[in-house]
Each structure stands twice: as structure tokens, then as C-alpha cells.
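Here the sequence shown stands for residues 14 to 279, where the numbers follow the UniProt record's numbering. Glycine included, C-beta positions come from ideal geometry on N, C-alpha and C. Notes to accompany the following structure.
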Amino acid sequence: RKPVTLHRLREMHAAGEKIAMLTCYDASFARLLDDCGVDCLLVGDSLGMVLQGQPSTLPVTLDEVVYHTKSVTRGNRSAWLIADLPFGSYQGSREQALHSSVALMQAGAQMVKIEGGGWTAETVRFLVERGIPVCAHLGLTPQSVHALGGYRVQGRGESQAMTLKHHAAELADAGATMLVLELVPGALAAEIGALNPGLMTIGIGAGPQCAGQVLVLHDMLNVTRGKLPRFVRNFMAGASGIEEAVRLYVQDVKNGRFPDPERHSY
Ligand code: KIV
Ligand code: NA
């Protein structure tokens, strides 16, 4: 297939075609996911938990995300490639965020993802003005897990919802083109998407009314042990193998069969 560009993603968004994203950390899976039609690959700092066995994403370093981004870049042929700015790699200053983003882009990323709202808008503007496409991330932002008091649904209640909407609008104004919404009520995610038509909302536990969806690869392939969040679906159930599971995921996202508003949403 032709390379997925930001222009192509915007066309899909405008046409109402859902964007299918998965996390990816190595070359072999990059090739497989790309072959199965996954639109966007995210080198997430979830690699700390998934690959390293850390209790959170906080220990992940910029060098580690760079390493995995290089691997994914070698395996990928056409998917849009996003890399996470890890904890401590962007909070210091706009310049620090730029230097970290340059490292990710030079490793092969086409877009960087940054957690948080409010103060981050200024950083997003700084990066976008310098030619770096940015995906923002609101709701449950795992790098702030200790401040948030655990992995819990965000944006419940009037004032939390207002703050989230305000942050999303600021990030859109700053030039962010994508916005991951994690663990927020489906109705709120839908409203944020409707209020910011220029922003492609990518949901994870944020209901079906987002421009696209993302899951952690090892979760949807049923590799992750232990209790999984309710928003995860095991795509290996009923699939003959990994490739079919990934194709089912892409198909179900595109057809609106995942997420299920009853079982995978809040
Ligand atoms: O690191 C990650 O995997 C993520 C996604 C869950 C959005 O940030
Ligand atoms: Na992340």
C-alpha cells in the first residue's frame, strides 16, 4: 500500500474512515502490523511495562524509546509512525522537548506524542512550529499515575470534564493534529472530537465515537498476563493466529464493531 501520510490520515478523518493504531516495539511486528493494514504504529512508553516488566512507564528513558523506534522503523514500510516522549524528556523546557523530539524523529518517528494538558500547549506549539507533528494525550496519562492516584477513569464530573475540554481545545489551537484520549467517558470523548474537527481523536477506553482507536499490542493478542482493563478485547479469541487477530482488529475498528459501547466503554 501507499505510505500513510498525515495528509492521508486527514483525508480518512474527513471521510469518517476510522484510524486503526496499535503499539509496536520491534521490527518483526512492525512488518506484520503494516502488512495487516494497521494505519499507525505507536512506539509507546508502555514498552516499560510490556517489554521490561516495570510497574509503570516512569522508568523508561529517551534512549530506550529511540532504540525501539529504530527497530520499528526498519520493519515498517508504510504505516504512520509515532513515538512517545517518555517521562522526564520534555517537562524541563520547550528546548528539552525539542531535543528529545529530534532524537525520536532521527530514529524514524514521523510524529511525537506528549502527555498532559495546560502547560504542554506551549510546548506543542513550539514543536509544531519547528516542523514536528504532535499527538497529544489526555485523560489517564500514565506518566502521572502517582499524581492521579491510580489507573482510573478521568473526566468524570462536570469540572473535570470542563478542564479536559479546555485542554483539548488549547492543544488543537497549538497545532496538535492527533489526540489520544485514554480512559474517559465515551460521551466526553465524542464531544471533544465534535468540538475540535481538526484534531483526530484516538481512543483507548474512550468509547466508539473517536476518529480512531489504539490498543497495546500484547493486550489485544492476549500475551499480557493478569487482569486487563475492561476496554481491552482479546482478538486472538476466534482467530487462527496473530495475523488474523490483527486483521480482525483493523476490520472491527473500521466497521465500528470495536469498541463495543457496552463492554469496552465508560
Ligand atoms: O504507551 C502507550 O502504549 C500509549 C498508548 C496506550 C496510547 O501511550
Ligand atoms: Na505512552
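Thinking C-beta only, is L177 closer than 8 Å to G168? Within the sequence shown, the letter at position 155 stands for residue 168. Within the sequence shown, the letter at position 164 stands for residue 177. Taking 8 Å as the Cβ cut-off, G168 and L177 qualify as a contacting pair.
Under the DSSP definition of a beta bridge, which residues are partnered with D97? Within the sequence shown, residue 97 is the residue found at index 84, counting from 1. Partner(s): K126.
Sort out for me which residues DSSP pairs L194 with in a bridge. In the sequence shown, residue 194 corresponds to position 181, counting from 1. In DSSP, L194 forms a bridge with L151 and G216.
Start and end residues, beta strand (DSSP E) containing M34: The residue you call residue 34 lines up with position 21 of the sequence shown. Taken as a continuous stretch (DSSP letters only), the beta strand (DSSP E) holding M34 covers I32 to T36.
Whose C-alpha, out of R90, E77, E135 and V51, is nearest the C-alpha of E30? One-based indexing of the sequence shown puts residue 30 at position 17. If we check each option's Cα against that of E30, V51 comes out closest.
Whole angstroms are fine: how far does the CA of I127 sit from the CA of A96? Walking along the sequence shown from the start, residue 96 turns up at place 83. Walking along the sequence shown from the start, residue 127 turns up at place 114. If I take the Cα positions, the gap works out to 9 Å.
Do V193 and the ligand ADP come close, with the Cβ less than 7 Å from some heavy atom? Looking at this structure, you won't find the ligand ADP anywhere; what it does contain is the ligand KIV and the ligand NA.
Closest Cα partner of N235 within the set F42, F248 and A182: Position 222 of the sequence shown, counted from the start, is the residue given in the question as residue 235. Nearest of F42, F248 and A182 to N235, Cα basis: F248.
Under the rule that 16 or more other beta-carbon atoms within 10 Å means buried, what is N89, buried or exposed? Indexing the sequence shown from 1 puts residue 89 at position 76. Buried, because 16 or more other Cβ atoms sit within 10 Å of the Cβ of N89.
Got a sec, what are the start and stop residues for the alpha helix (DSSP H) L22 sits in? Taking the sequence shown and counting its residues from 1, one reaches residue 22 at position 9. Element bounds for L22: L19 to A28.
The ligand NA and T214: does any heavy atom of the ligand fall closer than 7 Å to the residue's C-beta? Here the question's residue 214 lines up with position 201 in the sequence shown. Because no heavy atom of the ligand NA lies under 7 Å away, the Cβ of T214 does not count as near it: no.
Please determine, among A28, V125 and G57, the residue with the shortest C-alpha to C-alpha distance to A35. Here residue 35 refers to the residue found at position 22 when the sequence shown is read from its first residue. It should be noted that the sequence gives Leu, not Ala, for residue 35. Minimum Cα distance to L35 is reached at G57.
Quick check: what's the CA-CA separation for E195 versus L228? The sequence position of residue 195 within the sequence shown is 182, counting from 1. The sequence position of residue 228 within the sequence shown is 215, counting from 1. Computed Cα separation, rounded: 10 Å.
Given 7 Å as the limit, tell me if I127 has its C-beta closer than that to any heavy atom belonging to the ligand KIV. Residue mapping note: residue 127 aligns to position 114 of the sequence shown, counting from 1. For the ligand KIV, not one heavy atom lies less than 7 Å from the Cβ of I127.
Can you find a heavy atom of the ligand NA that lies under 7 Å from the Cβ of G57? Position 44 of the sequence shown, counted from the start, is the residue given in the question as residue 57. Answer for G57: yes, Cβ within range of the ligand NA.
Proximal residues to I32 (C-beta, below 8 Å), its chain only, five neighbours per side dropped: The residue you call residue 32 lines up with position 19 of the sequence shown. L22, M25, H26, D52, C53, M213, I215, A224, G225, Q226 and V266.
Please report the residue range of the alpha helix (DSSP H) in which G206 lies. Within the sequence shown, residue 206 is the residue found at index 193, counting from 1. That run of the alpha helix (DSSP H) goes G199 to L208.
Is P155 a contact residue of the ligand NA, with contact defined as CB to any heavy atom under 7 Å? On the sequence shown, position 142 is the one that residue 155 refers to. True, at least one ligand heavy atom lies under 7 Å from that Cβ.
Let me know the alpha helix (DSSP H) ranges lying completely inside the region 137–181, each 4 residues or longer, listed in chain order. 158–161
Contact under 8 Å by Cβ, A187 with N209: Position 174 of the sequence shown, counted from the start, is the residue given in the question as residue 187. Position 196 of the sequence shown, counted from the start, is the residue given in the question as residue 209. In this structure, N209 does not lie closer than 8 Å to A187 by Cβ.
In whole angstroms, what is the alpha-carbon distance linking I217 and S278? Stepping through the sequence shown from its first residue, residue 217 is reached at position 204. Stepping through the sequence shown from its first residue, residue 278 is reached at position 265. The alpha-carbon atoms of I217 and S278 are separated by roughly 9 Å.
Are three or more beta carbon pairs between the region 108–122 and the region 156–165 nearer than 8 Å? no
Less than 8 Å between the beta carbons of S84 and D39, yes or no? One-based indexing of the sequence shown puts residue 84 at position 71. One-based indexing of the sequence shown puts residue 39 at position 26. Yes, the Cβ-Cβ distance between S84 and D39 is below 8 Å.
Can you list, in chain order, the residues of its chain with a C-beta nearer than 8 Å to that of L19? Leave out the 5 residues immediately preceding and following it. Counted from its first residue, the sequence shown places residue 19 at position 6. W93, Q123, M124, P146 and T190.
Would the beta-carbon of I32 be found less than 7 Å away from any heavy atom of the ligand KIV? Locating residue 32 in the sequence shown gives position 19, where the first residue counts as 1. Checking every heavy atom of the ligand KIV against the Cβ of I32, none is found closer than 7 Å.
With C-beta atoms as the reference, is A252 less than 8 Å away from Q222? In the sequence shown, the residue the question calls residue 252 occupies position 239. In the sequence shown, the residue the question calls residue 222 occupies position 209. Result no, Cβ atoms of A252 and Q222 do not sit closer than 8 Å.
Starting from the N-terminal side, write out each stretch of the alpha helix (DSSP H) that is 4 residues or longer and does not extend beyond the region 60–111. 60–63 and 75–88
Which residues bound the beta strand (DSSP E) around L55? Within the sequence shown, the letter at position 42 stands for residue 55. C53 to V56 is the span of the beta strand (DSSP E), which, as asked, contains L55.
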